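Those protein sequences? They're chains A and B, same order as listed. With our numbering applied, the first sequence covers 35 to 456. With our numbering applied, the second sequence covers 31 to 599. Before any comments, here is the structure.
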Amino acid sequence: MANILFYTALVLIWVMLLYHMFLMQGGYRHFKTYERVIPRWKEKMTDLPTVSIFIPAHNEEVVIEQTLKAMSRLYYPKDKLEVIVINDNSSDRTGEIAASFTVKFPFIKVIETKPPNKGIGKSSALNEALRQTSSEVIVVYDADNTPERMAVWYLVMGLLNDKEAAAVVGKFRVTNAKNTWLTRFINIETICFQWMAQGGRWKWFKVATIPGTNFAIRRSVMEELGGWDVKALAEDTELTVRVYNLGYRIRFFPAAITWEQEPETLKVWWRQRTRWARGNQYVVLKFLSQFFKLKRKRIIFDLFYFFFTYFLFFFGVIVSNALFIVNIFYDLHLSVGNVALVLWGLALLLFLAEVMITLSIEKTEMNRSNFFYVIFMYFTYSQMWIVLVVYSLGLELKRVFLRQEVRWYKTERFEQKRGDVQ
Amino acid sequence: MQFRKWILIGFLLVSSWGVMQSRSDAASDSLKLLLIYAAEENRVDENVHMIDATFSAFTTEQRVVSVQEFQPELLTGTDAVVLVGDAKMDLPAPLIKALDGYKGDMIAFGYNADQLRTFKGWDYRGEVELRSLDGHSLTKSISAVQVIPPQGSEIIVSGNSLNETIPFIIKNGRLSYIAATSFATDEKMQISKAMYPILGIDPPDVHPAYLRLEDISPVSDHQLVKETGDYLADRGIPFYMAVIPVYVNNETGEQMRLSANRKLVDVLRHLQDRGGIIIAHGYTHSYRYEETGEGFEFWDDQLNQKITTERTDKLPAPLPSRESFRSQDEFDSFMNEVDLIEKRYIERKHRKAIEDLVDLGLIPLAFEAPHYTMSSTGYGITSDYFTSIFGQVQLSDDNWGVMDAPLFISTPQILSGMTLYPETIGYADPTMADPLQGARESVKQLKEIPGSVVGGFYHPYLGLEYLPEMLELIYSVGPIEWLDLRTEEQIVKTDDILIHQQENGGLKVQSERNYWNRLVERSKEHPLEGALWLMAVVVALFLTAFFIYIASLRVGLKKRLFRERESIG
Numbered sequence: 035m036a037n038i039l040f041y042t043a044l045v046l047i048w049v050m051l052l053y054h055m056f057l058m059q060g061g062y063r064h065f066k067t068y069e070r071v072i073p074r075w076k077e078k079m080t081d082l083p084t085v086s087i088f089i090p091a092h093n094e095e096v097v098i099e100q101t102l103k104a105m106s107r108l109y110y111p112k113d114k115l116e117v118i119v120i121n122d123n124s125s126d127r128t129g130e131i132a133a134s135f136t137v138k139f140p141f142i143k144v145i146e147t148k149p150p151n152k153g154i155g156k157s158s159a160l161n162e163a164l165r166q167t168s169s170e171v172i173v174v175y176d177a178d179n180t181p182e183r184m185a186v187w188y189l190v191m192g193l194l195n196d197k198e199a200a201a202v203v204g205k206f207r208v209t210n211a212k213n214t215w216l217t218r219f220i221n222i223e224t225i226c227f228q229w230m231a232q233g234g235r236w237k238w239f240k241v242a243t244i245p246g247t248n249f250a251i252r253r254s255v256m257e258e259l260g261g262w263d264v265k266a267l268a269e270d271t272e273l274t275v276r277v278y279n280l281g282y283r284i285r286f287f288p289a290a291i292t293w294e295q296e297p298e299t300l301k302v303w304w305r306q307r308t309r310w311a312r313g314n315q316y317v318v319l320k321f322l323s324q325f326f327k328l329k330r331k332r333i334i335f336d337l338f339y340f341f342f343t344y345f346l347f348f349f350g351v352i353v354s355n356a357l358f359i360v361n362i363f364y365d366l367h368l369s370v371g372n373v374a375l376v377l378w379g380l381a382l383l384l385f386l387a388e389v390m391i392t393l394s395i396e397k398t399e400m401n402r403s404n405f406f407y408v409i410f411m412y413f414t415y416s417q418m419w420i421v422l423v424v425y426s427l428g429l430e431l432k433r434v435f436l437r438q439e440v441r442w443y444k445t446e447r448f449e450q451k452r453g454d455v456q
Numbered sequence: 031m032q033f034r035k036w037i038l039i040g041f042l043l044v045s046s047w048g049v050m051q052s053r054s055d056a057a058s059d060s061l062k063l064l065l066i067y068a069a070e071e072n073r074v075d076e077n078v079h080m081i082d083a084t085f086s087a088f089t090t091e092q093r094v095v096s097v098q099e100f101q102p103e104l105l106t107g108t109d110a111v112v113l114v115g116d117a118k119m120d121l122p123a124p125l126i127k128a129l130d131g132y133k134g135d136m137i138a139f140g141y142n143a144d145q146l147r148t149f150k151g152w153d154y155r156g157e158v159e160l161r162s163l164d165g166h167s168l169t170k171s172i173s174a175v176q177v178i179p180p181q182g183s184e185i186i187v188s189g190n191s192l193n194e195t196i197p198f199i200i201k202n203g204r205l206s207y208i209a210a211t212s213f214a215t216d217e218k219m220q221i222s223k224a225m226y227p228i229l230g231i232d233p234p235d236v237h238p239a240y241l242r243l244e245d246i247s248p249v250s251d252h253q254l255v256k257e258t259g260d261y262l263a264d265r266g267i268p269f270y271m272a273v274i275p276v277y278v279n280n281e282t283g284e285q286m287r288l289s290a291n292r293k294l295v296d297v298l299r300h301l302q303d304r305g306g307i308i309i310a311h312g313y314t315h316s317y318r319y320e321e322t323g324e325g326f327e328f329w330d331d332q333l334n335q336k337i338t339t340e341r342t343d344k345l346p347a348p349l350p351s352r353e354s355f356r357s358q359d360e361f362d363s364f365m366n367e368v369d370l371i372e373k374r375y376i377e378r379k380h381r382k383a384i385e386d387l388v389d390l391g392l393i394p395l396a397f398e399a400p401h402y403t404m405s406s407t408g409y410g411i412t413s414d415y416f417t418s419i420f421g422q423v424q425l426s427d428d429n430w431g432v433m434d435a436p437l438f439i440s441t442p443q444i445l446s447g448m449t450l451y452p453e454t455i456g457y458a459d460p461t462m463a464d465p466l467q468g469a470r471e472s473v474k475q476l477k478e479i480p481g482s483v484v485g486g487f488y489h490p491y492l493g494l495e496y497l498p499e500m501l502e503l504i505y506s507v508g509p510i511e512w513l514d515l516r517t518e519e520q521i522v523k524t525d526d527i528l529i530h531q532q533e534n535g536g537l538k539v540q541s542e543r544n545y546w547n548r549l550v551e552r553s554k555e556h557p558l559e560g561a562l563w564l565m566a567v568v569v570a571l572f573l574t575a576f577f578i579y580i581a582s583l584r585v586g587l588k589k590r591l592f593r594e595r596e597s598i599g
């Protein structure tokens with residue numbers, strides 16, 4: 035019995051690890067090749083579409099100023115660009131600060147959300163902006179984002195050159211990486227996520243996920259979809275599935291870069307990640323239940339990935355840890371030979387290698403301190419994920435059984451001490 | 031250099047002198063013997079087997095033929111003929127004629143000797159029921175031929191019926207006669223003792239002796255094994271360790287390999303270094319899912335027949351008798367098929383047992399069948415793998431219970447060339463009021479028989495409780511010489527392994543097996559584990575590629591920084 039459990043856990047864990055290994059290979063290939071198209075694609079950048087940048091902002095006085103500064107410097111014809119700050123029920127100086135920019139930069143506008151979309155959450159705010167604008171392309175940035183100068187230009191370049199893509203997503207980097215040990219971990223984590231999950235999946239399956247910020251989507255598609263799902267906690271994942279279901283794809287184009295803030299305290303991180311985990315669990319359950327109704331099977335793969343992450347892999351890790359602990363006190367007679375030990379070593383090496391590749395891709399990130407952070411991360415940050423999934427699974431189950439309403443939690447911002455990024 | 035070499039050779043000669051001495055006492059320089067038997071259906075029964083085995087201890091060459099198979103040419107060059115009359119029958123005329131002209135020694139057992147002119151002066155008078163031999167009453171009375179030998183004959187042993195005394199073992203010049211073929215323990219003792227006067231050999235002064243630590247399996251307590259082994263090693267005794275490389279749990283069917291018990295492996299290696307000699311005691315000591323140590327491995331004890339299938343989930347059909355076939359040919363071809371299955375099975379077990387042990391650095395020099403059971407065909411297969419075997423011999427292909435061992439180190443024909451080191455005194459049985467009672471009685475009898483082997487075994491799980499007493503018992507037999515297989519030539523081999531123990535103590539172990547072999551083999555047995563290893567290899571390849579990527583990214587770092595500064599502006 036213990037043996038069967040152990041092998042099941044081992045297989046579940048390794049299906050996941052092998053998949054990531056495979057993704058890493060793809061991600062690396064993508065890194066080596068994604069820039070090759072740029073010279074050719076530039077030629078098409080003559081008749082540019084109109085672009086609206088949506089910045090949902092709810093009490094963002096700490097960050098909105100630098101965000102808009104970055105927006106003001108974007109490289110894109112200003113007659114075709116509008117930056118919409120969606121002031122959603124803010125009680126602080128967000129509106130005021132934004133308004134000061136509209137004076138200097140006519141292409142920056144502030145709109146206020148109106149009932150029924152007022153003060154509900156990100157999705158409603160975005161829907162409000164969608165209703166009030168008419169540009170051909172919609173770009174979304176979170177209120178703490180400071181995109182690089184060429185970011186929007188590259189996003190549009192992707193859309194213009196890839197007819198099958200309904201959306202193009204760029205890469206995001208962390209501004210406050212060096213502030214706390216937590217942001218160091220998150221920095222490493224996001225770099226990995228982008229090159230493995232985004233880059234790898236794009237290279238192999240032409241699949242990428244909308245990350246909630248730094249992406250451009252065609253208005254036509256957005257209208258076809260009927261806007262954002264206001265019930266979704268992870269509106270980005272949810273939107274991704276629906277885009278693929280329509281028959282479009284989402285391109286990952288890392289040339290478009292934005293910088294964003296990450297939680298500096300564990301409490302904020304915990305609340306943000308709980309929302310993500312619950313949101314993704316919601317998406318898995320929502321779409322797996324209509325599994326056979328999904329028209330585009332490519333995305334099923336991705337749903338399955340989430341299913342694996344939040345249910346199977348998680349189960350495997352829990353079982354394997356439990357067996358390990360029980361085995362310390364009571365001999366379970368596990369008939370596993372050296373292979374289990376070798377695999378454990380390989381798993382650790384694989385983790386290190388994958389993280390180090392992605393860090394090396396990001397130029398200055400592969401340094402000595404990060405090397406030690408990566409090793410430390412394996413035993414700390416990575417394990418926190420287990421606790422998080424248990425917790426969020428509990429919350430999600432409670433919601434389903436008690437029929438609770440979802441509350442959208444906005445990630446708390448931190449004041450930047452280092453000033454502008456650019 | 032030359033000088034040192036000679037000293038070394040001299041030393042080896044002296045040190046192996048004792049053993050050579052005792053062997054040459056038992057087996058005379060050259061004795062070629064022809065054993066001709068008359069038995070029901072021409073089948074070699076247990077009596078013929080035991081006579082063959084006992085004589086083989088004294089001969090350098092020995093052939094066994096039935097009276098029907100006999101050819102006069104077979105007599106050429108033989109020093110002696112043994113005529114075994116296990117069944118009363120008319121001997122074929124060519125045989126009578128050839129034997130009548132034969133000038134060598136002749137030893138006749140039981141019936142039919144009266145048909146030979148050679149025994150003309152002997153007055154054969156029919157059968158008598160004997161109740162004692164040489165004053166020792168028999169456990170079971172036997173039927174013997176009453177004969178009045180010619181004047182001047184030496185009566186070596188006489189027997190008593192209820193009311194008279196008759197000669198039982200007689201020698202007259204080149205002729206000897208033993209009045210029965212029966213070879214139960216009492217007769218065995220008498221005949222074995224009489225071998226010296228019969229063959230005209232001087233009896234040796236010493237008894238070869240050995241002690242085996244029995245049934246050491248992966249679940250054995252390593253401390254007890256060490257304790258018992260060290261006890262023997264401390265006393266300079268070369269001892270034997272009957273090792274079973276795989277333990278089968280009879281409840282779950284799960285297997286545990288010796289390699290999983292590192293401490294025990296270390297102990298066995300340690301004891302091997304101290305003079306302990308490994309005996310391969312089967313592979314699992316079980317056939318179906320019996321517990322290791324309990325089960326028979328090379329005999330189907332539930333049907334009491336040889337192994338006929340490798341499927342252990344259900345009982346196969348009992349082997350049909352000869353009568354259910356229309357012809358001998360049909361029966362033979364059927365049995366050939368069965369024998370093939372048995373062959374495959376036994377070969378696999380031997381191969382794996384030897385491989386597992388050698389892989390762990392444990393070098394088996396001999397074999398011992400679990401519960402001493404195995405068919406005659408099984409012994410034939412085993413002789414391809416081992417040159418020595420310990421224990422007793424199963425003497426019938428129909429019933430495992432028919433088993434015995436001669437009292438001497440011998441080479442019975444049924445063992446196809448293997449040398450048998452007989453177990454003669456049993457073991458310490460803690461369930462008895464006197465655990466060593468059986469051994470005590472055997473030793474008492476063996477004392478009377480010069481050159482008889484004092485061989486017994488001891489279960490290490492008993493710790494030291496009965497070991498000193500058992501040793502004392504062995505020493506009580508008189509002068510003994512501990513048997514050391516490392517001073518005799520032994521060969522143990524599989525397709526991939528060759529173990530060659532030389533007489534001078536040198537040991538050569540050649541193994542073609544490498545880590546890769548073992549991995550592939552283990553993978554076949556445990557496909558899941560094999561798949562995991564395969565995966566590990568794939569992952570390792572990817573890891574290599576990944577580290578190359580990291581290196582190339584590091585190398586290209588400066589170039590990239592420069593280029594991006596240009597493109598971003």
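Heads up, the beta-carbon is just placed ideally off N, CA and C, and yes, glycines get one too. Since the structure is predicted, the reported quantities are computational estimates derived from the model, not experimental observations.
Reduced DSSP secondary structure (H/G/I, E/B, other) of residue i
i               : result
P73 of chain A  : helix
S472 of chain B : helix
F286 of chain A : strand
T292 of chain A : strand
M565 of chain B : helix
V158 of chain B : strand
N547 of chain B : helix
Q315 of chain A : helix
A43 of chain A  : helix
S188 of chain B : strand
Y364 of chain A : coil
S357 of chain B : coil
F100 of chain B : coil
Residues near residue i in its chain [Cβ-Cβ closer than 6 Å; skip 5 each side]
i               : result
K336 of chain B : E372, S405
Y141 of chain B : G115, K118
G305 of chain B : A263, P268
Per-residue contacts from residue i into chain B (C-beta, under 8 Å)
i              : result
A36 of chain A : Simply none; closest approach about 11 Å.
Extent of the continuous beta strand (DSSP E) run through residue i
i               : result
H530 of chain B : 527-531
R207 of chain A : 199-208
Closer than 9 Å at the beta carbon, the chain B residues around residue i
i              : result
I47 of chain A : Neighbours of I47 of chain A on chain B: none; closest Cβ ~11 Å, over 9 Å.
Contacts that residue i makes with chain A (C-beta to C-beta distance below 8 Å)
i               : result
D546 of chain B : This sequence places Trp at residue 546 of chain B; Asp is not what is there. Under the 8 Å cutoff, chain A gives no residues; its nearest Cβ is about 15 Å from W546 of chain B.
I580 of chain B : A387, M390, I391, S394, M400
Same chain, Cβ closer than 7 Å to residue i, five either side skipped, listed in chain order
i               : result
E519 of chain B : Q531, Q532, E533
Within chain B, partners of residue i - CB distance below 7 Å
i              : result
V50 of chain A : Rather than Val, the amino acid found at residue 50 of chain A in this sequence is Met. Chain B residues near M50 of chain A: none, gap ~13 Å exceeds 7 Å.
Cut-off 8 Å between Cβ atoms - residues of its own chain near residue i, not counting five sequence neighbours on either side
i               : result
Q422 of chain B : Y402, M433, D434, A435, P452, E453
**Contact the segment 413-431 of chain B vs the segment 573-585 of chain B: 3+ CB pairs below 8 Å** = Short answer: they don't touch.
**Prompt:** Looking at C-beta atoms only, is the number of pairs between the segment 348-359 of chain A and the segment 265-274 of chain A that lie closer than 8 Å three or more?
**Reply:** A contact is defined here as three or more CB-CB pairs under 8 Å, and the segment 348-359 of chain A fails this definition with respect to the segment 265-274 of chain A.
**Message:** Measuring CB atoms only, is the segment 443-459 of chain B touching the segment 470-487 of chain B, in the sense that at least three cross pairs come out at less than 8 Å?
**Reply:** The segment 443-459 of chain B is in contact with the segment 470-487 of chain B.
**Request:** Report yes or no: do the segment 492-501 of chain B and the segment 251-262 of chain B share at least 3 C-beta pairs separated by less than 8 Å?
**Result:** Output reads yes: the segment 251-262 of chain B touches the segment 492-501 of chain B.
**Message:** Pairs of beta-carbons, one from the segment 197-204 of chain A and one from the segment 241-257 of chain A, closer than 8 Å: are there three or more?
**Reply:** The answer is yes - the segment 241-257 of chain A touches the segment 197-204 of chain A, with three or more Cβ pairs under 8 Å.
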